[in-house]
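Please read the structure below before turning to the comments.
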Amino acid sequence: MVKRSLLGAIALGIPVAALWAINLPYPVIRRPVARTAPILLLPSYISMDHHYRQAISLTEQAEQLMNSPTSFADIELGAQKVEEAQTHLDKLPLWFLNDWGDYRYWWYSWRFSMSQFDASRAQIGTLQAKIFQEQNAYTAYTAADQAVSAAKQQYQKAVSPTDKKAAIASWQTALNQLDQIPSQTFAGQTAQKQLVAYRQDFQDTVGVAADSDRTNAVITASREFAMKAAQAGQNPPHSVEEWRQIEALWSEALTRLGSIPPTDVEGYAEAQQLMAIYRDNLRQISIRRSQEEQAVAALQSAQTKIERLLATPGDRNYKISQLQSIINELKRIPNGTTAYLEAQSLLVYAQNALSKL
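Last residue of the sequence shown: number 1522 in our numbering, and the count goes up by one each step with no gaps.
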């Protein structure tokens, strides 16, 4: 009895093992079977059909979840579907199309589309990139959202002005981080919707204090530029380029003050007072720069005329006329310019030359 059972098991096991062997993913084994008895390959075709259909279905489900998410859970479910679809695609042996053309015309060909397979594989790659972006955006959103809540609590618990300023700065930073989340992501779209309420909450909670702090910061920065401009303008004379740099500092101070809105009544009034002073200082610096430009040009002109006079022989009256013109030009160069001292030296030279004629 035992012997008979053993023989039966062996008799049954041999065909099963043979069927298993010919369905292995090896073209060398499958080719002759496909020519003579393709029905024996039915188990592997059924397996391929299953993986192919599952890959297509899961890809479509993932795409729908990723393109129209209603919550972050949809993003995670879409990522899971993509992973499952990739697993099924990895189990499809591409060699059965590439290596043996006859497989295309057997019963399985109407079910399998190589172009659709390639499209699904490319689609999965696109979805994986989108999932990566969505997950990064969600991480940034979660961190920023938690930072907003923490900063608000920090502000509400703050007692000293220093602590309040630190909390306001943290709150503003967290709001900016929410605003920077890519808007094409679900997290970014969610953040933009929440920002409206968050900013209103910030304004209602912090109110005038935040505006006042911003105004004070702008005025402080403007004063810094004004101080640098005043320091740079000390101990003249200065070159034309140096005067231009000083002008730029005064202009920057004015620009900073000009950004304070009239709605901040107290800060705006102080800014206007400072702007009146700074504009007058800028006007004076512009005059000094213009004087320096004219002085340098006059000195160069006088030097050129002297060189030409020395190199060109002429009668006494011509030399007297030229020297008098040079003297008049040099006398117009004002004190406080870089050209003044050299102009005075040339003036003495020209006057002595004129007295000898």
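All C-beta atoms in this analysis are idealised placements derived from N, C-alpha and C, irrespective of residue type, glycine included.
As the structure is a computational prediction, the values presented were derived from the model and not from experiment.
query: Ala1323 versus Val1361 - alpha carbon distance; result: 25 Å
query: Whole-angstrom C-beta distance between Ala1250 and Ala1284, which should lie under 8 Å; result: In fact, because the Cβ distance is near 12 Å, the residues do not count as touching under 8 Å.
query: Beta-carbon spacing of Thr1408, Ile1442 below 8 Å; result: The question names Thr, yet the displayed sequence has Trp at residue 1408. Not closer than 8 Å, so no.
query: Segments assigned alpha helix (DSSP H), at least 4 residues, entirely inside the segment 1332 to 1404; result: 1351 to 1371 and 1373 to 1397
query: Pairwise C-alpha distance: Glu1435 and Ala1302; result: 43 Å
query: Secondary structure of Val1324, DSSP reduced to three states; result: coil
query: Assigned secondary structure, Ser1451 (DSSP; H/G/I helix, E/B strand, else coil); result: helix
query: Buried versus exposed call for Gly1243 [16 or more other C-beta atoms within 10 Å across all chains shown]; result: buried
query: Secondary structure of Glu1236, DSSP reduced to three states; result: Per the sequence presented here, residue 1236 reads as Ser, with Glu not at that position. If DSSP states are grouped into helix, strand and coil, Ser1236 belongs with coil.
query: Residues of its chain near Gln1354, where Cβ-Cβ distance is below 8 Å and the 5 sequence neighbours each way are ignored; result: Ser1348
query: Rounded separation between Glu1494 and Gln1410 - CA only; result: 28 Å
query: DSSP three-state assignment for Asp1497, whether helix, strand or coil; result: The sequence shown places Arg at residue 1497, not Asp. Residue state, collapsed to three classes: coil.
query: Segment limits, alpha helix (DSSP H) that includes Leu1511; result: Tyr1505 to Ser1520
query: Whole-angstrom C-beta distance between Pro1402 and Thr1502, which should lie under 8 Å; result: 5 Å
query: Lys1246, buried or exposed, once every other Cβ within 10 Å from all chains shown has been counted against 16; result: buried
query: Proximal residues to Leu1511 (C-beta, below 8 Å), its chain only, five neighbours per side dropped; result: Leu1464, Ala1467, Gln1468, Ile1471, Ile1491 and Leu1495
query: Distance CB(Leu1343)-CB(Asp1369) smaller than 8 Å; result: no
query: For Glu1412 and Trp1336, the rounded distance between their alpha carbons; result: 37 Å
query: C-alpha distance - Leu1254 paired with Ala1356, whole-angstrom precision; result: 35 Å
query: Ser1325 to Gln1319 span [Cα, whole Å]; result: 12 Å
query: Whole-angstrom C-beta distance between Ile1425 and Thr1385, which should lie under 8 Å; result: No, Thr1385 and Ile1425 are not in contact; Cβ-Cβ is about 12 Å, not under 8 Å.
query: Short Cβ contact (8 Å threshold) for Leu1474 with Gln1487; result: yes
query: Inter-residue Cα distance where the pair is Arg1453 and Ser1520; result: 34 Å
query: Burial state of Tyr1483, where buried means 16 or more other Cβ atoms lie within 10 Å; result: exposed
query: 8 Å CB neighbourhood of Pro1427 in its chain, flanking five on each side removed; result: Tyr1433
query: Same chain, Cβ closer than 7 Å to Arg1497, five either side skipped, listed in chain order; result: Ala1463
query: Contacts around Ile1346, its chain only, beta-carbon distance under 6 Å, and the 5 residues preceding and following it disregarded; result: Ala1302, Ala1305, Tyr1306, Ala1352, Gly1353 and Ala1356
query: Proximity to Glu1431 [Cα-Cα], best of Ser1377, Met1213 and Leu1340; result: Ser1377
query: Minimum C-alpha distance to Phe1390 - residue among Leu1447, Met1231 and Ala1334; result: Leu1447
query: 8 Å contact criterion, which Met1231 and Ile1333 should meet: CB distance rounded; result: About 38 Å; that fails the 8 Å criterion.
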